[in-house]
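Protein chains: 2
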Amino acid sequence: MSTDPTTSRWLVDLSTEDCWELAMSRPVGRLAWSGPHGPTVIPVNFTADGKSVMIRTKAYSEAARECEDTMVAFQVDSFDEDTRQGWSVLMRGRAHFEYSSPSSEGGPDVWVSGPRSLQLRIEVGEVTGRRILGSD
Amino acid sequence: MSTDPTTSRWLVDLSTEDCWELAMSRPVGRLAWSGPHGPTVIPVNFTADGKSVMIRTKAYSEAARECEDTMVAFQVDSFDEDTRQGWSVLMRGRAHFEYSSPSSEGGPDVWVSGPRSLQLRIEVGEVTGRRILGSD
Numbered sequence: 321m322s323t324d325p326t327t328s329r330w331l332v333d334l335s336t337e338d339c340w341e342l343a344m345s346r347p348v349g350r351l352a353w354s355g356p357h358g359p360t361v362i363p364v365n366f367t368a369d370g371k372s373v374m375i376r377t378k379a380y381s382e383a384a385r386e387c388e389d390t391m392v393a394f395q396v397d398s399f400d401e402d403t404r405q406g407w408s409v410l411m412r413g414r415a416h417f418e419y420s421s422p423s424s425e426g427g428p429d430v431w432v433s434g435p436r437s438l439q440l441r442i443e444v445g446e447v448t449g450r451r452i453l454g455s456d
Numbered sequence: 321m322s323t324d325p326t327t328s329r330w331l332v333d334l335s336t337e338d339c340w341e342l343a344m345s346r347p348v349g350r351l352a353w354s355g356p357h358g359p360t361v362i363p364v365n366f367t368a369d370g371k372s373v374m375i376r377t378k379a380y381s382e383a384a385r386e387c388e389d390t391m392v393a394f395q396v397d398s399f400d401e402d403t404r405q406g407w408s409v410l411m412r413g414r415a416h417f418e419y420s421s422p423s424s425e426g427g428p429d430v431w432v433s434g435p436r437s438l439q440l441r442i443e444v445g446e447v448t449g450r451r452i453l454g455s456d
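Sequences listed follow chains A and B, in order.
So the first sequence is numbered by the working numbering: it starts at 321 and just counts up by one.
So the second sequence is numbered by the working numbering: it starts at 321 and just counts up by one.
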C-alpha cells in the first residue's frame, strides 16, 4: 500500500545506542573516503561492536591502497519506498588495517567469494543518525 | 528462501548505460563529500538525466555549506539479503547550486516535508558500477 506523498514527514535524531543497534541490523554498509580521484563510496559487508566497524578487503583493493590511517565515514541506512520512512546512520573515524590470514576467524561474512586478507578496523569517534517519521 | 552462504559469488562491471538506468530506478541515493570533519554521507532523494544528478536541500544545510563547487560522489545501490545479490553505482562530479523558489517545478520528490530552496546539480564526470552475481 503506497502512502499519500503529501503526508507530513520529518527527521528526528537517533541516540548513539539506537545508531549502533540499527547499523548492526543490516548486512551491508557503505565505506566512504576521500581519495586522489575525489570522494569514493563502496558497499561492504561488515561487523560492528559498539566501538569499531570491521570490514574485510583484498590486499590490493582501492580501499586497501587509500584508507590506511585515514579519516573515513561508514554509513548504513534502510528506507521503505511505500511508507517513505526509514533511518540513516553515519559513523566517522580513523581506519587501520589489521593483517590476518585468509582463513582467520572472525570479521564479517563477505558475500563476494575470494580471499580478503586485509581487515580494516574503523575506530569510530562520532556517531549520528536520523529517522524519517510520518504522521500516517 | 535464504541462499547457501557458501555459493560462489563474483563482481562484474556495469556499463555506463546500465549504471544510469539502475540508479534512476531507486528513490534514494547517497551524497558524499569531504568536509571539515572528514567524509560525510547523507541519503537524499534525487532525479537524474544521464548527465547530471539533481538534489534539493535547505539553504543552511551541511550540504549547502560544504558542497558548492566541490568534487562530490553520488552512490546508489540495491541488495537482496536473501540471495546476496545486488548492484552498486558510483558517480563522481562537481556540485553546483542553482537557486530557485521553494515552489518551483521540477527536481526530485523529497520525502521529508519543508522547503528545499537549493537545488544542487552534480555534473557527473565519471560513472562506475558493479553487480554481484551468483551461481545459484
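Glycine is no exception: its CB is placed at the ideal position from the N, C-alpha and C atoms.
{"query": "Neighbour list for A:Val432 in chain B, Cβ cutoff strictly below 8 Å", "result": "Arg329, Trp330, Leu331 and Ile452"}
{"query": "7 Å Cβ shell around B:Met321 - same chain, five flanking residues per side excluded", "result": "Low confidence applies here, because B:Met321 scores a pLDDT of 49, under 50, leaving its location unreliable and the question unanswered by this model."}
{"query": "Neighbour list for A:Gly427 in chain B, Cβ cutoff strictly below 8 Å", "result": "Result: empty, since nearest Cβ-Cβ is about 14 Å, beyond 8 Å."}
{"query": "Cross-chain neighbours of B:Phe399 in chain E, by beta carbon under 9 Å", "result": "In the structure shown, chain E does not exist; the protein chains are A and B."}
{"query": "Cβ distance (whole Å) where B:Phe417 is taken to contact B:Leu351 below 8 Å", "result": "At roughly 13 Å, the Cβ-Cβ gap does not stay under 8 Å, so B:Phe417 and B:Leu351 are not in contact."}
{"query": "Cβ neighbour criterion (16 or more within 10 Å) applied to A:Pro428", "result": "buried"}
{"query": "A:Arg376 vs A:Ala415 beta-carbon contact at 9 Å", "result": "no"}
{"query": "B:His357: contacting residues in chain A (beta-carbon distance under 9 Å)", "result": "Met391, Arg412 and Glu446"}
{"query": "A:Glu443 versus B:Val409: straight-line alpha-carbon distance, rounded", "result": "27 Å"}
{"query": "Interface flag, A:Arg441 vs chain B, CB-CB below 9 Å", "result": "no"}
{"query": "Member of A:Ala383, A:Lys378 and A:Gly370 whose CA lies at the smallest distance from the CA of A:Ile362", "result": "A:Ala383"}
{"query": "Neighbour list for A:Ala352 in chain B, Cβ cutoff strictly below 7 Å", "result": "Ala352, Pro359 and Val361"}
{"query": "B:Arg404 classed as buried or exposed, judged by whether at least 16 other C-beta atoms fall within 10 angstroms", "result": "buried"}
{"query": "DSSP state of B:Leu342 mapped onto helix, strand, coil", "result": "helix"}
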